[in-house]
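Residue numbers (my numbering), protein chains in the order written: chain Z, 90 to 189; chain Y, 7 to 714. Ideal Cβ placement from N, Cα and C applies to all residues, glycine included. Just so it is clear, the structure is predicted and the values come from calculations on it, not from any experiment. Have a look at the structure below before the remarks.
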């Protein structure tokens, strides 16, 4: 699992690659530190290469969402595959995130 | 303080009780002894009285008889004297004849009244007496110096004119004592002529009185009616002073109560001269035997009490030791109970339908072991028996068990596994304990069984009937380092069953000490096959029951371990993994589950859902089942018949039933969404069924999902 954070056009673009299971969650959380330190900017999670997500991954996304929304920023999930989509559906996360 | 403690220790209640028992026993025995002694004393007193009465009665009879004989002698010879009165000198032979007539009479005289024979002068007293040699001599006794008319007796006789006995007296220098019977002699004209006196020797009386005494120190006395001593024991026998003491007591001059050592019995002649016969006994002698007995009695009693005290003490000490020992035993028992639990925990808990095993230790802890687990589609199993029983064996067993687990993780050749176990054991064991062990590795896909043996009993192979698996015996583990354990192999056809056991089964003893034997085991296995009750659980149950019923009431002498494995490939796929309670190990879980599910054809999304369900469940266990900071494990058994996938998650943590938890509310908005609580919700959504049970201290959660 790798997490790449870039700043493009005043937005954070976070690219996930691999499987965001519980073991990968801690590492991913660390990688997201720059995003959380600069709240206020919109955030795009590029999930094109995200193959799998567990609840620990969802919690990570939720905590980012809570903080970003509180700071007036917008969070988008891009290109989620069917597996990840199932999880978002089942947890009601589809209603919380903007999914493109 | 020290003194106080010492005293308290010395006078603890147990000791007081013990002393009390001894004292009560002493008092009881003494009271019995005293009562008995008094009774015996009274009986003895009565006995003495009786004997005295008998002896005294006999003596009285004898003396009276003697006196009567003397009186008769005189009476019978009176006529002869009267006939010869006319010739005074003829009276000498008359008197000689008279005293010759009666052996008791030693002398006889005729004391004529003064001037009876004018020719003989004023006094005339013809006298005859026996000499020591028995010859009889006569003489005329009267002389101016010997004027019998002045005699008290003569005067008394002249006043009373009746026959009488004189008091005994000593005569001459022979120190013999005599008594004289006197009777008046009348002449033909009826005039009183003389007094005839017959002297009897009383000196023999003393001897007679003292010959037949009931006790050695007893003696007899003869006293006159006035209390003068007539006859008694010789001074050699009893000192004179003692004799006179008794005389004085009888006469009232001394008080009997001042002489408690003397028992004095008295009787009296029924007739003239009413002499008194006295018998004296010394209590010292009468009761000497009794006193001796009493002393012996006291001695025995003291001895008995000493033994009693000793025994009570010993008993108390033994009892205390026993108490201490049983307390110690209870403590050890408690620890053994814990050890037993630990040991039982090490054994497999969850059995797939094709494996069943049991271990019944003979003691609290056993020296047997068995284990199995599946790794990479292969079933690793072992069964072993440590020499000996009890704690040392159990410790070695635990060591072997752990070694087997560790070694077989990285090595799937049973021969190599045994080789490593053996070398480890030889390096570590200085106690010359050895272990028989059979290790097998069964490929669940192909049925290929690799196995190696280290001196263990050959397992049975069950197809249509039971036979013995061809096994090389080899040496047990722990005998020589670097021993080779030959690898053997065979391919099992589906439905084949392996039945492994320790010698607790074949060596089970009945009351006659006969062993159950391998033949009987084979018969029972065959019978099970014939009946169709041949699942591993059935077979283990049947053989366990057989061993117990065979032993009857006899206590189990050895650990009994049975392990039964059926090769049942069917369509089933099985895998298992054990992880620590650390979420970093989820990576291993992910590999495991992807690998497992990858062997089964299914939709990618279904597989991902199953993986998610399992991960959420396992993570939940890792995070919450064990106290924070404490190591714990979670084992996942995955199996599938290609139509359905089943995950069984087992942990030894806090009892927790996730199925009882409410689903998370997925409709809340962002700010109200709790961070946690999604895991169980997702699991529920991803599988068809979740069931939870708590077994043997384990949480067992089973997830099932149909994939058709």
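- Here the C-alpha atom of residue 633 of chain Y lies approximately 18 Å from the C-alpha atom of residue 706 of chain Y.
- Under the three-state reduction of DSSP output, residue 385 of chain Y falls in the strand class.
- Nearest Cα to residue 178 of chain Z within the set Y:712, Y:697, Y:413 and Y:684: Y:684.
- Interface residue (Cβ-Cβ distance to chain Z less than 8 Å): residue 584 of chain Y is not classified as such.
- At least one CB of chain Y lies nearer than 8 Å to the CB of residue 181 of chain Z.
- Using beta-carbon distances, residue 343 of chain Y does not count as an interface residue toward chain Z, since no partner is under 8 Å.
- Bridge partners of residue 115 of chain Y according to DSSP: Y:133 and Y:203.
- The Cβ atoms of residue 573 of chain Y and residue 476 of chain Y lie no closer than 8 Å to each other.
- For residue 599 of chain Y, no Cβ of chain Z is located within less than 8 Å of the residue's own Cβ.
- Secondary structure at residue 94 of chain Y: helix, using DSSP grouped into helix, strand and coil.
- Cβ-Cβ distances below 7 Å link residue 400 of chain Y to 345, 349, 371, 372 and 373 in the same chain, with the five nearest sequence neighbours on each side left out; the list follows chain order.
- In the DSSP annotation of this structure, the continuous segment of the beta strand (DSSP E) that includes residue 100 of chain Z starts and ends at 100–109.
- In the DSSP assignment, residue 446 of chain Y is bridged to Y:387 and Y:457.
- Look at the stretch 633–708 of chain Y and you find these whole runs of beta strand (DSSP E), each 3 residues long or longer: 639–646, 650–657 and 695–701.
- DSSP lists Y:133 as the bridge partner or partners of residue 145 of chain Y.
- Three or more Cβ pairs drawn from the stretch 196–215 of chain Y and the stretch 109–121 of chain Y lie within less than 8 Å of each other, which places the two stretches in contact.
- Scanning the stretch 509–545 of chain Y for uninterrupted alpha helix (DSSP H) segments of 4 residues or longer gives 509–512 and 524–537, listed from N- to C-terminal end.
- In terms of beta-carbon proximity, residue 688 of chain Y lines the interface with chain Z, with at least one pair separated by less than 8 Å.
- Below the 7 Å Cβ cutoff, chain Y contributes 618, 621 and 622 as neighbours of residue 143 of chain Z, in chain order.
- What residue 108 of chain Z touches in chain Y, judged by beta-carbon distance under 8 Å, is 596, going in chain order.
- Here the alpha carbon of residue 166 of chain Z sits roughly 57 Å from the alpha carbon of residue 544 of chain Y.
- The Cβ atoms of residue 458 of chain Y and residue 492 of chain Y sit closer than 8 Å to each other.
- In the DSSP assignment, residue 362 of chain Y falls within the unbroken beta strand (DSSP E) covering 361–366.
- Boundaries of the beta strand (DSSP E) around residue 496 of chain Y: 494–497.
- The shortest C-alpha to C-alpha distance from residue 109 of chain Y to any of Y:21, Y:208 and Y:34 is the one to Y:208.
- Residues of the stretch 92–121 of chain Z with a C-beta less than 9 Å from any C-beta of chain Y: 108, 110, 111, 112, 113, 114 and 115, listed in chain order.
- If you check each beta-carbon in the stretch 147–164 of chain Z against every beta-carbon of chain Y, the ones closer than 8 Å belong to 147, 148, 151, 152, 154, 155, 158 and 159.
- Closer than 8 Å to the CB of residue 614 of chain Y there is at least one CB belonging to chain Z.
- Within the stretch 658–675 of chain Y, the residues whose Cβ lies closer than 9 Å to any Cβ of chain Z are, in chain order, 670, 671, 672, 673, 674 and 675.
- For residue 637 of chain Y, the CB contacts under 8 Å within the same chain, skipping 5 residues up- and downstream, are 586 and 587 in chain order.
- Scanning its chain for C-beta atoms nearer than 8 Å, with the 5 sequence neighbours on each side dropped, one finds around residue 160 of chain Y the residues 117, 154 and 201, in chain order.
- With its beta carbon at least 8 Å from every one in chain Y, residue 128 of chain Z lies outside the interface.
- Taking all protein chains in view, the Cβ of residue 146 of chain Z is crowded by 16 or more other Cβ atoms within 10 Å, so the residue is classified as buried.
- Counting along the chain, residue 144 of chain Z sits inside the alpha helix (DSSP H) bounded by residues 144–159.
- Comparing alpha-carbon positions, the option among Y:107, Y:120 and Y:131 lying closest to residue 96 of chain Y turns out to be Y:131.
- Here residue 157 of chain Z is buried. Its C-beta has 16 or more other C-beta atoms within 10 Å.
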